[in-house]
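Numbering (the numbering used here), first residue to last: 62 to 274. Everything on this sheet refers to the single structure shown next.
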(Lines of atoms letter the chains of each structure in order from A and count residues from 1; the text may use other names and numbers.)
(Lines give C-alpha, C1' and ligand atoms only; values in the text may rest on other atoms or scores of the structure.)
Protein backbone atom coordinates (compact mmCIF):
# COMPACT_ATOMS: atom_id res chain seq x y z
CA UNK A 1 0.00 0.00 0.00
CA UNK A 2 1.88 3.03 -1.32
CA UNK A 3 0.73 6.57 -2.08
CA UNK A 4 2.27 8.38 -5.03
CA UNK A 5 2.63 12.13 -4.48
CA UNK A 6 3.47 14.48 -7.35
CA UNK A 7 4.61 17.89 -6.13
CA UNK A 8 3.39 20.34 -8.76
CA UNK A 9 3.32 23.58 -6.80
CA UNK A 10 6.18 25.36 -8.56
CA UNK A 11 5.96 28.52 -10.67
CA UNK A 12 8.09 27.35 -13.64
CA UNK A 13 9.95 30.66 -13.71
CA UNK A 14 12.78 29.12 -15.73
CA UNK A 15 10.17 27.93 -18.26
CA UNK A 16 8.54 31.38 -18.49
CA UNK A 17 5.59 30.12 -16.49
CA UNK A 18 4.80 27.19 -18.81
CA UNK A 19 3.12 24.28 -17.02
CA UNK A 20 5.76 21.53 -17.14
CA UNK A 21 3.17 18.87 -16.37
CA UNK A 22 1.64 19.38 -19.81
CA UNK A 23 4.88 18.97 -21.78
CA UNK A 24 4.66 16.10 -24.25
CA UNK A 25 6.89 13.09 -23.58
CA UNK A 26 6.56 10.07 -25.86
CA UNK A 27 3.15 11.14 -27.10
CA UNK A 28 1.54 11.85 -23.73
CA UNK A 29 1.48 14.72 -21.26
CA UNK A 30 4.20 14.46 -18.64
CA UNK A 31 1.67 14.37 -15.79
CA UNK A 32 -0.24 11.53 -17.46
CA UNK A 33 2.97 9.58 -17.96
CA UNK A 34 3.91 10.05 -14.30
CA UNK A 35 0.51 8.87 -13.11
CA UNK A 36 0.67 5.82 -15.37
CA UNK A 37 4.07 4.81 -14.02
CA UNK A 38 3.17 5.47 -10.39
CA UNK A 39 0.02 3.38 -10.68
CA UNK A 40 2.24 0.35 -11.25
CA UNK A 41 2.95 0.31 -7.51
CA UNK A 42 0.67 2.94 -5.92
CA UNK A 43 -2.91 2.42 -4.75
CA UNK A 44 -3.40 6.17 -4.40
CA UNK A 45 -2.12 9.13 -6.44
CA UNK A 46 -2.06 12.71 -5.13
CA UNK A 47 -1.15 15.86 -7.06
CA UNK A 48 -0.24 18.84 -4.88
CA UNK A 49 -0.73 22.10 -6.77
CA UNK A 50 -1.67 25.72 -6.23
CA UNK A 51 -3.48 25.71 -9.59
CA UNK A 52 -5.86 22.71 -9.35
CA UNK A 53 -8.03 23.79 -12.30
CA UNK A 54 -5.14 23.12 -14.68
CA UNK A 55 -5.30 19.43 -13.84
CA UNK A 56 -9.01 18.72 -13.48
CA UNK A 57 -9.58 17.72 -17.12
CA UNK A 58 -6.15 16.17 -17.60
CA UNK A 59 -6.19 13.38 -15.02
CA UNK A 60 -8.45 10.51 -14.04
CA UNK A 61 -11.09 11.14 -11.37
CA UNK A 62 -9.33 8.68 -9.08
CA UNK A 63 -6.37 11.07 -8.78
CA UNK A 64 -6.68 13.35 -5.76
CA UNK A 65 -5.82 17.02 -6.37
CA UNK A 66 -4.98 19.04 -3.26
CA UNK A 67 -3.34 22.38 -2.40
CA UNK A 68 -0.64 23.40 0.08
CA UNK A 69 -1.37 24.11 3.73
CA UNK A 70 1.62 26.46 3.63
CA UNK A 71 1.55 28.15 0.19
CA UNK A 72 4.60 29.46 -1.62
CA UNK A 73 7.00 27.25 0.36
CA UNK A 74 8.26 25.24 -2.58
CA UNK A 75 8.58 21.45 -2.72
CA UNK A 76 8.65 21.05 1.06
CA UNK A 77 5.22 22.64 1.33
CA UNK A 78 3.88 20.23 -1.29
CA UNK A 79 5.49 17.23 0.38
CA UNK A 80 3.96 18.19 3.72
CA UNK A 81 0.47 18.58 2.27
CA UNK A 82 0.65 15.29 0.39
CA UNK A 83 1.87 13.28 3.37
CA UNK A 84 -0.66 14.91 5.69
CA UNK A 85 -3.56 13.75 3.51
CA UNK A 86 -2.06 10.41 2.44
CA UNK A 87 -4.25 7.41 3.17
CA UNK A 88 -1.28 5.03 3.25
CA UNK A 89 1.58 4.84 5.73
CA UNK A 90 4.26 5.20 3.06
CA UNK A 91 4.52 7.54 0.09
CA UNK A 92 6.69 7.85 -3.00
CA UNK A 93 7.20 11.58 -3.58
CA UNK A 94 8.31 13.00 -6.93
CA UNK A 95 8.49 16.34 -8.70
CA UNK A 96 6.24 17.34 -11.59
CA UNK A 97 9.23 17.80 -13.87
CA UNK A 98 10.58 14.22 -13.75
CA UNK A 99 9.82 12.28 -16.97
CA UNK A 100 11.54 8.97 -16.21
CA UNK A 101 10.08 7.87 -12.89
CA UNK A 102 11.05 4.35 -11.88
CA UNK A 103 8.49 2.25 -10.04
CA UNK A 104 11.23 -0.37 -9.75
CA UNK A 105 13.47 2.07 -7.85
CA UNK A 106 10.53 3.06 -5.64
CA UNK A 107 9.75 -0.59 -4.85
CA UNK A 108 13.40 -1.26 -4.07
CA UNK A 109 13.61 1.67 -1.67
CA UNK A 110 10.34 0.72 0.04
CA UNK A 111 11.72 -2.77 0.70
CA UNK A 112 14.86 -1.24 2.22
CA UNK A 113 12.99 1.06 4.60
CA UNK A 114 13.64 -0.04 8.16
CA UNK A 115 10.65 -0.36 10.55
CA UNK A 116 11.87 2.63 12.57
CA UNK A 117 13.10 4.60 9.55
CA UNK A 118 11.42 7.71 8.22
CA UNK A 119 12.69 7.87 4.66
CA UNK A 120 14.82 6.20 1.99
CA UNK A 121 16.51 8.47 -0.53
CA UNK A 122 18.58 7.75 -3.65
CA UNK A 123 22.05 9.21 -4.04
CA UNK A 124 22.66 9.75 -7.75
CA UNK A 125 25.68 11.54 -9.19
CA UNK A 126 26.93 12.11 -5.66
CA UNK A 127 23.81 14.10 -4.72
CA UNK A 128 21.04 13.09 -2.31
CA UNK A 129 17.75 13.26 -4.22
CA UNK A 130 14.85 14.12 -1.93
CA UNK A 131 12.36 13.97 -4.79
CA UNK A 132 11.86 10.34 -5.89
CA UNK A 133 12.31 9.20 -2.29
CA UNK A 134 10.14 7.02 -0.07
CA UNK A 135 8.72 8.64 3.07
CA UNK A 136 6.79 7.53 6.13
CA UNK A 137 3.63 9.56 6.62
CA UNK A 138 4.89 10.62 10.05
CA UNK A 139 7.51 12.84 8.35
CA UNK A 140 4.78 15.42 7.87
CA UNK A 141 5.15 16.45 11.54
CA UNK A 142 8.82 17.36 11.15
CA UNK A 143 8.12 19.02 7.82
CA UNK A 144 5.49 21.21 9.42
CA UNK A 145 7.94 22.25 12.16
CA UNK A 146 10.40 23.36 9.47
CA UNK A 147 7.72 25.26 7.57
CA UNK A 148 6.52 27.02 10.71
CA UNK A 149 10.09 28.14 11.34
CA UNK A 150 10.59 29.39 7.77
CA UNK A 151 13.02 26.56 6.96
CA UNK A 152 11.56 25.46 3.65
CA UNK A 153 14.74 24.44 1.82
CA UNK A 154 15.03 20.69 1.23
CA UNK A 155 18.56 20.36 2.74
CA UNK A 156 17.05 21.33 6.11
CA UNK A 157 14.83 18.27 5.89
CA UNK A 158 17.84 15.96 5.70
CA UNK A 159 19.03 17.32 9.03
CA UNK A 160 15.89 16.34 10.92
CA UNK A 161 14.81 13.04 9.36
CA UNK A 162 16.07 9.55 10.17
CA UNK A 163 16.78 8.60 6.57
CA UNK A 164 18.60 5.83 4.73
CA UNK A 165 20.68 6.30 1.61
CA UNK A 166 20.68 4.05 -1.45
CA UNK A 167 23.78 4.68 -3.57
CA UNK A 168 23.67 4.80 -7.34
CA UNK A 169 25.71 1.59 -7.58
CA UNK A 170 22.93 -0.42 -5.92
CA UNK A 171 20.39 0.71 -8.49
CA UNK A 172 22.79 -0.14 -11.31
CA UNK A 173 23.40 -3.59 -9.82
CA UNK A 174 19.64 -4.11 -9.75
CA UNK A 175 19.40 -3.20 -13.44
CA UNK A 176 17.72 0.16 -12.77
CA UNK A 177 18.82 3.13 -14.88
CA UNK A 178 19.76 5.97 -12.46
CA UNK A 179 18.34 8.42 -14.99
CA UNK A 180 15.05 8.20 -13.09
CA UNK A 181 16.07 11.38 -11.22
CA UNK A 182 16.23 13.42 -14.46
CA UNK A 183 14.27 16.66 -14.14
CA UNK A 184 13.25 19.29 -16.69
CA UNK A 185 14.12 22.71 -15.32
CA UNK A 186 14.37 24.82 -18.48
CA UNK A 187 13.12 24.85 -22.06
CA UNK A 188 16.65 23.84 -23.09
CA UNK A 189 16.46 20.79 -20.78
CA UNK A 190 13.24 19.79 -22.48
CA UNK A 191 14.63 20.21 -25.99
CA UNK A 192 17.77 18.24 -25.10
CA UNK A 193 15.59 15.46 -23.71
CA UNK A 194 13.47 15.36 -26.87
CA UNK A 195 16.57 15.07 -29.04
CA UNK A 196 17.86 12.22 -26.87
CA UNK A 197 14.54 10.38 -27.32
CA UNK A 198 14.37 10.77 -31.08
CA UNK A 199 13.39 7.40 -32.54
CA UNK A 200 13.61 5.58 -29.19
CA UNK A 201 11.03 3.78 -27.11
CA UNK A 202 10.54 6.18 -24.19
CA UNK A 203 9.53 3.47 -21.72
CA UNK A 204 12.65 1.48 -22.50
CA UNK A 205 14.64 4.38 -21.03
CA UNK A 206 12.57 4.55 -17.91
CA UNK A 207 10.76 1.63 -16.35
CA UNK A 208 9.04 -1.42 -17.66
CA UNK A 209 5.46 -2.37 -16.93
CA UNK A 210 5.21 -4.99 -14.18
CA UNK A 211 4.74 -8.58 -15.27
CA UNK A 212 1.10 -9.79 -15.21
CA UNK A 213 0.09 -11.35 -11.92
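We treat Cβ as the ideally placed atom computed from N, Cα and C, and that holds for glycine.
Check	Outcome
Return the first residue and the last residue of the alpha helix (DSSP H) that residue 202 is part of.	200 to 209
Below 8 Å on the Cβ atoms is my contact criterion, and I expect residue 80 with residue 111 to pass it. Report the Cβ-Cβ distance as a whole number of Å.	Actually they do not touch by this definition, with Cβ atoms about 12 Å apart.
What residue range is occupied by the uninterrupted alpha helix (DSSP H) comprising residue 232?	229 to 234
Give the secondary structure of residue 196 by DSSP, where H, G and I count as helix, E and B as strand, and everything else as coil.	strand
Could you please give me the residues that DSSP links to residue 183 through a beta bridge?	227
Beta-carbon of residue 146 versus every beta-carbon of chain C: anything under 8 Å?	Structure shown: chain C not included; a single protein chain is present.
Can you name the start and end residues of the beta strand (DSSP E) that residue 63 belongs to?	63 to 68
Roughly how many whole angstroms lie between the Cα atoms of residue 228 and residue 211?	30 Å
Count the other CB atoms, across all protein chains shown, that sit within 10 Å of the CB of residue 214; report buried if there are 16 or more and exposed otherwise.	exposed
My guess is that residue 171 and residue 151 are in contact by the Cβ rule of under 8 Å, so how many angstroms apart are they, rounded?	6 Å
Could you give the residue range of the beta strand (DSSP E) that holds residue 105?	105 to 109
From residue 130 to residue 164, what does the alpha carbon distance come to, in whole angstroms?	28 Å
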